[in-house]
Amino acid sequence: MNIIQFTLNRQQKKLTLNFDSNHQLSFDFEYLRVFSPSEAKPKSGAKTPEVFHKKEVQLTRIEPLGKYGHRLVFDDKHSAIFTDQTFKILFEDYNVNWQDYCESLTGNQNRETSINFVEVK
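Heads up, the final residue of the sequence shown is numbered 310 in this note's numbering, and it's a clean run with no missing numbers.
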């Protein structure tokens, strides 16, 4: 199964992948950003990636990298290489991944976009 087409829906913040086997997978941008391969190894013994405030993240670009996969570039300056296999695993593990991630959120470590206020004197 090889990817033959990507479809970005910026309004719904979704990426749809079409495969040569007529299969189709769809992902939220936020899920791809949180579980990107470079974030996949949780720090400090955590069960899930420690990535927060990505609910409004946008996927800005997809760059083909030949046999290595595709680089996804997000508007928060993060990028990561996703292989066809990575997409399949993320799709298969979505329910467990997302539930564990949502349960790990606390206080200021949440999904909402963070705005830092600075007192002007």
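Glycine included, every Cβ here is placed at the ideal spot set by N, Cα and C.
- Per DSSP, the continuous beta strand (DSSP E) segment holding residue 195 begins and ends at 192 to 198.
- Relative to the Cα of residue 279, the nearest Cα in the group 225, 266 and 197 belongs to 225.
- By the Cβ test, the segment 235 to 249 is not in contact with the segment 269 to 277, since fewer than three Cβ pairs between them sit closer than 8 Å.
- Residue 193 is a Cβ neighbour of residue 209, given a cutoff of 8 Å.
- In the DSSP assignment, residue 284 falls within the unbroken alpha helix (DSSP H) covering 283 to 293.
- For residue 191, the closest of 200, 206 and 202 by C-alpha to C-alpha distance is 206.
- When C-alpha distances from residue 239 are compared across 285, 251, 291 and 309, the shortest belongs to 291.
- In this structure, the CA atom of residue 288 is about 24 Å from the CA atom of residue 265.
- Taking residue 198 as reference, the option from 212, 249, 227 and 241 with the minimal CA-CA separation is 249.
- Rounded to the nearest angstrom, the gap between the Cα atoms of residue 281 and residue 202 is 20 Å.
- Residue 223 holds the alpha-carbon nearest to the alpha-carbon of residue 286 among 254, 223 and 204.
- DSSP lists no beta-bridge partner residue for residue 267.
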